[in-house]
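Those protein sequence lines, which keep their order, are chains A and B. According to our numbering, the stretch in the first sequence is residues 151 to 372, in order. According to our numbering, the stretch in the second sequence is residues 151 to 372, in order.
There are 2 protein chains.
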Amino acid sequence: MSKPPARERLAEAAFALFDERGYEQTTVDDITERAGLGRTTFFRHYRSKEDVIFPDHDRLLEQVAERLRTSSHATALAAVSDAVRLVLLHYIAEGDLARRRYALTSRVPALRDREIASVARYQRLFREFIASWMAGAAEPDPLRAELMAAAVAAAHNHVLRRWLRGESPEPAREVDEALGLVIRLFTAQADGNGTTIVAFRTGQDIDALIPALRQLAGEPPA
Amino acid sequence: MSKPPARERLAEAAFALFDERGYEQTTVDDITERAGLGRTTFFRHYRSKEDVIFPDHDRLLEQVAERLRTSSHATALAAVSDAVRLVLLHYIAEGDLARRRYALTSRVPALRDREIASVARYQRLFREFIASWMAGAAEPDPLRAELMAAAVAAAHNHVLRRWLRGESPEPAREVDEALGLVIRLFTAQADGNGTTIVAFRTGQDIDALIPALRQLAGEPPA
Chain A
151 MSKPPARERL
161 AEAAFALFDE
171 RGYEQTTVDD
181 ITERAGLGRT
191 TFFRHYRSKE
201 DVIFPDHDRL
211 LEQVAERLRT
221 SSHATALAAV
231 SDAVRLVLLH
241 YIAEGDLARR
251 RYALTSRVPA
261 LRDREIASVA
271 RYQRLFREFI
281 ASWMAGAAEP
291 DPLRAELMAA
301 AVAAAHNHVL
311 RRWLRGESPE
321 PAREVDEALG
331 LVIRLFTAQA
341 DGNGTTIVAF
351 RTGQDIDALI
361 PALRQLAGEP
371 PA
Chain B
151 MSKPPARERL
161 AEAAFALFDE
171 RGYEQTTVDD
181 ITERAGLGRT
191 TFFRHYRSKE
201 DVIFPDHDRL
211 LEQVAERLRT
221 SSHATALAAV
231 SDAVRLVLLH
241 YIAEGDLARR
251 RYALTSRVPA
261 LRDREIASVA
271 RYQRLFREFI
281 ASWMAGAAEP
291 DPLRAELMAA
301 AVAAAHNHVL
311 RRWLRGESPE
321 PAREVDEALG
331 LVIRLFTAQA
341 DGNGTTIVAF
351 RTGQDIDALI
361 PALRQLAGEP
371 PA
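Next comes the structure, spelled out in structure tokens:
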């Protein structure tokens, strides 16, 4: 069995030391000593002690942006719902590392703030994507874009948090369900008027009325 | 005219220096010198240079929590929508100071991250409030609580950002409209099935049917 690459060895050493001594009490020198590597190697992979903890959000954000650019989904909300899965799958692929980071960021406020700020960048990317998609529409609606982006991010965060806590055995399926709920939330609301109840009396057979009802509801003919 | 209190004088001096020299290049000593006050006075009011920039989120968060605790609104979503107005009104009361902070946090990533993390605390408070309200319901739905909290925070942030940019002349009215949209979004979707159309044939008078229709729609009797 070959040794894991330097990047992983440093992360492994850092997390072990953070658990043993606490985050604040651990230095970069402690980490390199534990990993059996030099400071130069450390700074080739990470800018700081804090950097060791976080996944490569810059690269992941770029992948999500690329996914949006090349999306063939019919709506902005569907495209964003598809793209956010990349973020969830990234954490799942990290496995135990992601869970140790979660435990650590829950304990150290400065790290939790940085994690929150990282997640906010995805939400911003989604908001700008949806808003620019809508810019071509008859009535661009920046508030709606903001609400959609927030809902997609919240659905993702909900499932991610459950998975990190060991409460979600099937996060990929669960996030699809959660995103499905988000899409229904905004689709049902397309006219902004809420639930519509139509009551009428007629001598016509109900089957004959279905096409008219579909038209009323703004659906395509069957 | 009497001098403004020390706290405001320090903030005023700090913002003036951040504008002139840049945030990183300004020290606490620069700030106290400009304000004509001592270091002891500075540290009586603020823990650090960074603290001068931000409003008192701890106190504001406590006010919002208190508002939720004493709320008499009929739904969790209405209670949270009411409470988030406190945050918006706080920024509006700050006036020019809030706008200068916005300009500064837009330029300095570390400050922007801290501002984002502060805002995330309100969203978390809302999520926990809605989830605990729902805990008594027949079917608690933590995902729905998370989506509601995210939508309320997003509606607030949308209007706040517009006001900070000078794009919203009536932010208090605008936030009410935005929160109204959020409430409609979730109300229309109460059954998770979107728009409901009920078609039926009957010999009964329509007025006699209204109570039954209300019951079907899950509304209280008129």
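Glycine included, C-beta positions come from ideal geometry on N, C-alpha and C.
Looking at the C-beta of residue i, does it have a partner C-beta in chain B at a distance below 8 Å?
i                     : result
residue 335 (chain A) : yes
residue 322 (chain A) : no
residue 308 (chain A) : yes
residue 211 (chain A) : no
residue 205 (chain A) : no
residue 292 (chain A) : yes
residue 303 (chain A) : yes
residue 338 (chain A) : yes
residue 287 (chain A) : no
Distance, Cα to Cα, residue i vs residue j?
i                     : j                     : result
residue 315 (chain B) : residue 250 (chain B) : 10 Å
residue 225 (chain A) : residue 218 (chain B) : 37 Å
residue 207 (chain B) : residue 204 (chain A) : 26 Å
residue 319 (chain A) : residue 243 (chain A) : 14 Å
residue 289 (chain A) : residue 283 (chain A) : 11 Å
residue 342 (chain B) : residue 334 (chain A) : Note that residue 342 (chain B) scores 45 on pLDDT, short of 50, meaning its location in the model is unreliable; the coordinates nonetheless yield the value given after this. So the two alpha carbons sit approximately 8 Å from each other.
residue 265 (chain B) : residue 169 (chain A) : 28 Å
residue 233 (chain A) : residue 209 (chain A) : 14 Å
residue 164 (chain A) : residue 280 (chain B) : 37 Å
residue 260 (chain B) : residue 263 (chain A) : 10 Å
residue 317 (chain A) : residue 199 (chain A) : 30 Å
residue 222 (chain B) : residue 228 (chain B) : 9 Å
residue 305 (chain B) : residue 239 (chain B) : 14 Å
residue 313 (chain B) : residue 301 (chain A) : 22 Å
residue 173 (chain A) : residue 307 (chain A) : 24 Å
residue 285 (chain A) : residue 291 (chain A) : 8 Å
residue 158 (chain A) : residue 184 (chain A) : 13 Å
residue 130 (chain B) : residue 273 (chain B) : Residue numbering for chain B in the displayed model covers 151 to 372; residue 130 (chain B) lies beyond these limits and cannot be assessed.
residue 189 (chain B) : residue 171 (chain B) : 20 Å
residue 241 (chain A) : residue 202 (chain A) : 15 Å
residue 197 (chain A) : residue 155 (chain B) : 42 Å
Taking residue i as part of the alpha helix (DSSP H), name the residues at either end of that continuous run.
i                     : result
residue 175 (chain B) : Element bounds for residue 175 (chain B): n/a, residue is neither H nor E.
residue 315 (chain B) : It is not in any alpha helix (DSSP H) - residue 315 (chain B) carries neither H nor E in the DSSP assignment.
residue 189 (chain A) : 189-195
residue 221 (chain B) : That residue, residue 221 (chain B), is in no alpha helix (DSSP H); it is neither H nor E in DSSP.
residue 198 (chain B) : Run containing residue 198 (chain B): none; DSSP gives neither H nor E here.
residue 287 (chain B) : Note, residue 287 (chain B): premise wrong, no alpha helix (DSSP H); not H, not E.
residue 204 (chain B) : Counting along the chain, residue 204 (chain B) falls outside any alpha helix (DSSP H), and DSSP gives it neither H nor E.
Does the distance from the C-beta atom of residue i to that of residue j stay below 8 Å?
i                     : j                     : result
residue 192 (chain B) : residue 178 (chain B) : yes
residue 310 (chain B) : residue 331 (chain A) : no
residue 237 (chain B) : residue 299 (chain B) : no
residue 277 (chain A) : residue 295 (chain A) : yes
residue 329 (chain A) : residue 275 (chain A) : no
residue 160 (chain B) : residue 195 (chain B) : yes
residue 267 (chain A) : residue 267 (chain B) : yes
residue 258 (chain A) : residue 303 (chain A) : no
For a cutoff of 8 Å on Cβ pairs, would you count residue i as touching chain A?
i                     : result
residue 342 (chain B) : Low local confidence applies: a pLDDT of 45 at residue 342 (chain B) is under 50, so the model's placement there is unreliable, and no value is given.
residue 296 (chain B) : yes
residue 266 (chain B) : yes
residue 179 (chain B) : no
residue 300 (chain B) : yes
residue 263 (chain B) : yes
Can you tell me whether residue i is buried or exposed? The criterion is at least 16 other CB atoms within 10 Å of its CB, across all chains shown.
i                     : result
residue 246 (chain B) : exposed
residue 324 (chain A) : buried
residue 321 (chain B) : buried
residue 253 (chain A) : exposed
residue 220 (chain B) : exposed
residue 182 (chain B) : buried
residue 287 (chain B) : exposed
residue 337 (chain A) : exposed
Find the residues of chain E that neighbour residue i, judging by a C-beta separation of less than 8 Å, and give them in chain order.
i                     : result
residue 332 (chain A) : You won't find chain E in this structure, because its protein chains are A and B.
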